[in-house]
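Numbered according to mature numbering (1 follows the signal peptide of the UniProt record, and there is no 0), the sequence shown spans residues -22 to -1, 1 to 283.
This report concerns only the one structure given below.
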Amino acid sequence: MFKKIAIFVLIFALLFSLVGCSDTTNFNQKQGEIQNSTVQSTNGLLKVYFIDVGQGDSIFIKTPDNKAMLIDAGVPEMGKKVVDYIKSLGVTKIDILVGTHPHEDHIGGMDRVIESFEIGRFYMPKVTTNTKTFEYVLNAAKNKGLKIDVAKAGVTLDLGPSVSAEIIAPNSSKYADLNEYSAVIKLTYKNTSFLFTGDAGAESEREMIEKGYDLKSDVLKVGHHGSSTSTTASFLDDVSPKYAVISCGKGNDYGHPHSSTLKKLKARNIPVYRTDECGTIIAVSDGQSISFNVKPGDYTPGQKN
């Protein structure tokens, strides 16, 4: 077992060393109409696809400058769905690929993504875990000659001149909980903004507040599938979102989204879009306002199987 862990660490360190360890709502709009964009033009729109991958995360972003970013790729069984969905949009290259943290429900389909597309830059937090899923991702990157950039606070992502994107967490190098290593990304297009939080929990949220980041965002991808371990009241108040998106599976084993999280959102009159109720959620920004392809879900907490 020790030998196996050592091999993982060695591969991971090698992949990092190759790169130098650098450090609103239009309810009547049909999903097909929103997707009717080509790789040549996005008509001045930023499009964010919260792909329904069940109990997991996968977010695909297409910018007005025709740059593409994928944040996470769900569990292994969802890898093909993620790949097919992105290909259906006419995409052949993913400029920025981010694995927020090495949990299976976030990077499970990442190896298939790496094998299926040209990849520009690949970011992951500098932390290892002894799982087959993590091993598959590392091997896929190695086999493609793909270097891994460190996902940490202060890193900017190149998504073209129209959009700014910055990683604002993790802010520490060591955490007891793997979720706290999650790469948190703030993306801004003109007067609209999105905050993608992975599974970042209360500790990471506190650090972001203490660091003084401008957290205010129109759309919050609620942390950890709506778990009570994320979305503290102080963090939610700092973000002050107009809309919240929760990615989770219907009848999941964890009871996501949790009642305490939904109560906070409801108390602040924040509409909640849920993949367990709405399927794939598409948010479209023209730089001034944001529209969605579906109506919001409700505030009913998840029920365990």
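Where a beta carbon is used, it is the ideal one built from N, C-alpha and C, also for glycine.
According to the neighbour-count rule (16 or more other Cβ atoms, all chains shown, within 10 Å of its Cβ), is residue i buried or exposed?
i: residue 40; result: buried
i: residue 211; result: exposed
i: residue 271; result: buried
i: residue 154; result: exposed
i: residue 207; result: buried
i: residue 235; result: buried
i: residue 190; result: exposed
i: residue 65; result: exposed
i: residue 280; result: buried
So residue i and residue j are supposed to be a Cβ contact under 8 Å. How far apart are they, rounded?
i: residue 100; j: residue 253; result: About 25 Å separates the two Cβ atoms, so there is no contact after all.
i: residue 32; j: residue 227; result: 4 Å
i: residue 182; j: residue 78; result: Not really, about 11 Å apart at Cβ, beyond 8 Å.
i: residue 30; j: residue 257; result: 5 Å
i: residue 233; j: residue 273; result: Not really, about 23 Å apart at Cβ, beyond 8 Å.
Between the C-alpha atoms of residue i and residue j, what's the straight-line distance to the nearest angstrom?
i: residue -1; j: residue 192; result: Below a pLDDT of 50, predicted positions are generally treated as unreliable, and residue -1, at 37, falls in that range; the measurement from the model is reported next regardless. Looking at the two C-alpha atoms, the distance is approximately 24 Å.
i: residue 145; j: residue 35; result: 17 Å
i: residue 166; j: residue 217; result: 13 Å
i: residue 224; j: residue 200; result: 5 Å
i: residue 70; j: residue 245; result: 42 Å
i: residue 229; j: residue 43; result: 38 Å
i: residue 81; j: residue 117; result: 16 Å
i: residue 247; j: residue 122; result: 46 Å
i: residue 74; j: residue 60; result: 15 Å
i: residue 251; j: residue 263; result: 16 Å
i: residue 107; j: residue 242; result: 33 Å
i: residue 302; j: residue 275; result: Absent from the model: residue 302. The displayed extent of the chain is -22 to 283, so no value can be given.
i: residue 148; j: residue 173; result: 14 Å
Are the beta-carbon atoms of residue i and residue j separated by less than 8 Å?
i: residue 170; j: residue 268; result: yes
i: residue 195; j: residue 219; result: yes
i: residue 202; j: residue 157; result: yes
i: residue 83; j: residue 115; result: no
i: residue 86; j: residue 53; result: yes
i: residue 143; j: residue 162; result: no
i: residue 97; j: residue 124; result: yes
i: residue 103; j: residue 120; result: no
i: residue 239; j: residue 278; result: no
Comparing the C-beta of residue i with each C-beta of chain B, is any distance below 8 Å?
i: residue 167; result: Annotation note: the requested chain B is absent from the structure, which comprises a single protein chain.
Could you give the uninterrupted runs of the alpha helix (DSSP H) lying entirely in the region 177 to 242, keeping only those of 4 residues or more?
-> 180 to 188, 211 to 217
What are the complete beta strand (DSSP E) segments, minimum 3 residues, inside the region 126 to 159?
-> 126 to 128, 141 to 147
Which full runs of the beta strand (DSSP E) of 3+ residues lie inside the region 61 to 86, going along the chain?
-> Within the region 61 to 86, the complete beta strand (DSSP E) runs of at least 3 residues are 71 to 76.
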